[in-house]
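Numbering (UniProt numbering), first residue to last: 1 to 347. We put the beta carbon where it would ideally sit given N, CA and C, even for glycine. It should be emphasised that the depicted structure is a prediction, and the values quoted were computed from it without experimental measurement. Report on the following structure.
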Amino acid sequence: MKFSLFVHMERWDDQVSHRQLFEDLTELTLMAEAGGFSTVWIGEHHAMEYTISPSPMPLLAYLAARTETIHLGAGTIIAPFWNPIRVAGECALLDVISNGRMEVGLARGAYQFEFDRMANGMPATDGGKALREMVPVVRKLWEGDYAFEGEVYKFPTSTSVPKPVQAGMPPMWIAARDPDSHNFAVKNGCNVMVTPLMKGDEEVLDLKNKFQAALDNNPEVPRPQLMVLRHTHVHSADEPDGWKIGAQAISRFYRTFDAWFGNKTTPVNGFLEPSPESKFAEVPAFDLDNIRKNTMIGTPEEVIARIKYYQELGVDEFSFWCDNSLPHAEKKKSLELFIKEVVPAFA
1 MKFSLFVHME
11 RWDDQVSHRQ
21 LFEDLTELTL
31 MAEAGGFSTV
41 WIGEHHAMEY
51 TISPSPMPLL
61 AYLAARTETI
71 HLGAGTIIAP
81 FWNPIRVAGE
91 CALLDVISNG
101 RMEVGLARGA
111 YQFEFDRMAN
121 GMPATDGGKA
131 LREMVPVVRK
141 LWEGDYAFEG
151 EVYKFPTSTS
161 VPKPVQAGMP
171 PMWIAARDPD
181 SHNFAVKNGC
191 NVMVTPLMKG
201 DEEVLDLKNK
211 FQAALDNNPE
221 VPRPQLMVLR
231 HTHVHSADEP
241 DGWKIGAQAI
251 SRFYRTFDAW
261 FGNKTTPVNG
271 FLEPSPESKF
281 AEVPAFDLDN
291 IRKNTMIGTP
301 EEVIARIKYY
311 QELGVDEFSF
321 WCDNSLPHAE
331 KKKSLELFIK
341 EVVPAFA
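Shown next, in the form of structure tokens:
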């Protein structure tokens, strides 16, 4: 079992500066590297303070210079917002800067709010067309000269400059949920990243089964890697109520996600208030006990047991998702406990 850190700068009010958030993200990354984590993942989001990353590339390039062993994962690049030549070139440049530590995740995008601003109002549901064209095209550009004429992208002969330094090209990941996405990823030799969001381990099993079905559909393809991304909060066994801190924070995170995803209110300077608790009073997933059970919240012993179950299912990488609305001090405390007491159980 490999471990990785999925992290963004999150700003919940204007009392914390962007510079401070940048330093906090750097500190968590350096902790993860020292703790033996394989990769740090940073995604892409636009014009929203609660998930700050207009491009993962500058952050990852900076972290490449501050680190030595941890891989730098763009997880994920939103395909419909990019040109394949740019993706190929920027990813290859990061691979050169990091001396072969670059990994790239690609996704179709989710927030209509972003598509309204970044893709001329394209329906977010159409983002998959760009993703399906992007994946093979980027690889061809890494190989050398290539011209392409598709439904979404068209360009004359071009190539990636620079070229990646990794032998066999940088690992490519696809964020997958439905069976078609799993099948596309496996068929194209891509690793698969999944997140159960607020659902429990039965969802992890379901996603794993979709991954297995894709493997069965493509027996000629070498088995790719499977990563599970989970909101994670570890608390000491000496603090039996420590789980509540994480559960309340994750509730706030997903109520904010709901507000952005709903796309019904105009943000003010990048801030949008979470949807009210009353909206979810009768929604079981938002019950704090269910959040505790369904996300990765618990003592080290409890967390170890659940990750070992994932390992038994065939999960190759567990990604510690620390976006959860908690202040930096709490995130750091949780990550320290995970590194000290959970990671060694998988050595």
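Measure how close the beta-carbons of residue i and residue j come, nearest whole angstrom, since I'm counting them as under 8 Å.
i, j, result
"PRO170", "MET122", "Contact flag wrong, Cβ pair sits at about 27 Å."
"ARG230", "SER325", "Not confirmed; about 16 Å, so no contact."
"GLU10", "ILE52", "7 Å"
"GLU38", "LYS2", "Per the sequence presented here, residue 38 reads as Ser, with Glu not at that position. Confirmed, about 4 Å."
"PRO84", "LEU141", "6 Å"
"ILE297", "ALA345", "Going by Cβ atoms, the distance from ILE297 to ALA345 rounds to 17 Å, so no, they are not a contact pair."
"ALA92", "GLY109", "Not quite, the Cβ-Cβ distance comes to about 23 Å (not below 8 Å), so this is no contact."
Thinking just about the alpha-carbon of each residue, which of the options is nearest to the one in residue i?
i, options, result
"VAL161", "PRO224, MET172, GLY109, ASP95", "ASP95"
"LEU272", "PHE257, LYS279, PRO284", "PHE257"
"PRO327", "MET118, PHE280, ILE245", "ILE245"
"ALA175", "TRP12, GLY127, TYR153", "GLY127"
"ALA130", "TYR153, LYS2, MET1", "TYR153"
"GLU312", "ASN294, ARG292, LEU205", "LEU205"
"residue 370", "LYS199, ILE78, LYS187", "Residue 370 lies beyond the stretch modelled for the chain, which goes from 1 to 347, so this question has no answer here."
"VAL228", "GLU317, ASN294, GLY109, ALA185", "GLU317"
"HIS45", "TRP82, GLN15, ASP14", "TRP82"
"THR295", "ALA329, GLU203, LYS333", "GLU203"
"TYR254", "PRO267, VAL268, PRO276", "PRO276"
"LEU215", "ASN120, VAL165, ALA185", "ALA185"
"ILE70", "ARG86, LEU30, THR76, ILE97", "LEU30"
"SER98", "GLU302, GLN166, HIS18", "GLN166"
Which residue or residues does DSSP assign as beta-bridge partners of residue i?
i, result
"THR39", "SER4, HIS71"
"LYS154", "GLU149"
"THR51", "Paired residues: none, contrary to the question."
"GLY298", "VAL234"
"HIS45", "SER53"
"ALA175", "MET193"
"LEU106", "ILE77, ILE174"
"VAL228", "VAL194, PHE318"
"MET9", "ILE52"
"PHE271", "VAL268"
Note down, in chain order, each residue of its chain lying with its Cβ closer than 8 Å to the Cβ of residue i, except the 5 sequence neighbours on either side.
i, result
"GLY150", "GLU133, VAL137"
"ALA147", "PHE155, PRO156, THR157, SER158"
"THR26", "TYR62, LEU63, ARG66"
"ALA213", "PRO179, HIS182, ASN183"
"GLY189", "MET172, VAL221, PRO222, PRO224"
Which same chain residues end up closer than 7 Å to residue i when comparing Cβ atoms and leaving out the 5 residues on each side of it in sequence?
i, result
"TRP260", "MET48, TYR111, PHE113, LEU272"
"LYS331", "LEU28, CYS322"
"GLY270", "ALA47, MET48, GLU49"
"GLY242", "HIS235, SER236"
"GLU90", "MET57"
"PRO300", "VAL234, LEU337, GLU341, VAL342"
"ALA88", "VAL138, LEU141, TRP142, SER160"
"LYS163", "ALA92, TRP142"
State the Cα-Cα distance for the pair residue i and residue j, rounded to the nearest angstrom.
i, j, result
"GLY314", "LYS208", "8 Å"
"PRO240", "THR232", "16 Å"
"GLU143", "HIS8", "31 Å"
"PRO196", "PHE286", "14 Å"
"ASN191", "LEU226", "6 Å"
"VAL40", "VAL194", "16 Å"
"GLY100", "LYS264", "43 Å"
"ILE250", "ALA107", "23 Å"
"ALA74", "ASP201", "26 Å"
"PHE6", "ALA34", "16 Å"
"ASP238", "ARG117", "47 Å"
"LEU288", "ALA247", "6 Å"
"PRO274", "SER4", "28 Å"
"ASN290", "PRO284", "7 Å"
"VAL104", "GLU68", "18 Å"
"LEU168", "VAL135", "Here residue 168 is Gly; the residue named in the question, Leu, does not match the sequence. Each residue's alpha carbon lies about 15 Å from the other."
"ALA281", "SER319", "30 Å"
"ARG292", "ALA32", "23 Å"
"TYR309", "MET102", "29 Å"
"residue 355", "GLY262", "Given a span of 1 to 347 for the chain in the structure shown, any question on residue 355 remains unanswerable."
"ASP14", "ARG177", "34 Å"
"MET198", "ARG306", "15 Å"
"GLU302", "LEU335", "15 Å"
"PHE115", "ALA347", "42 Å"
CB-CB under 6 Å to residue i, same chain, minus the five flanking residues each way: which ones, in chain order?
i, result
"LEU59", "ILE42"
"ILE339", "GLY35"
"ASN217", "ASN183"
"VAL16", "none"
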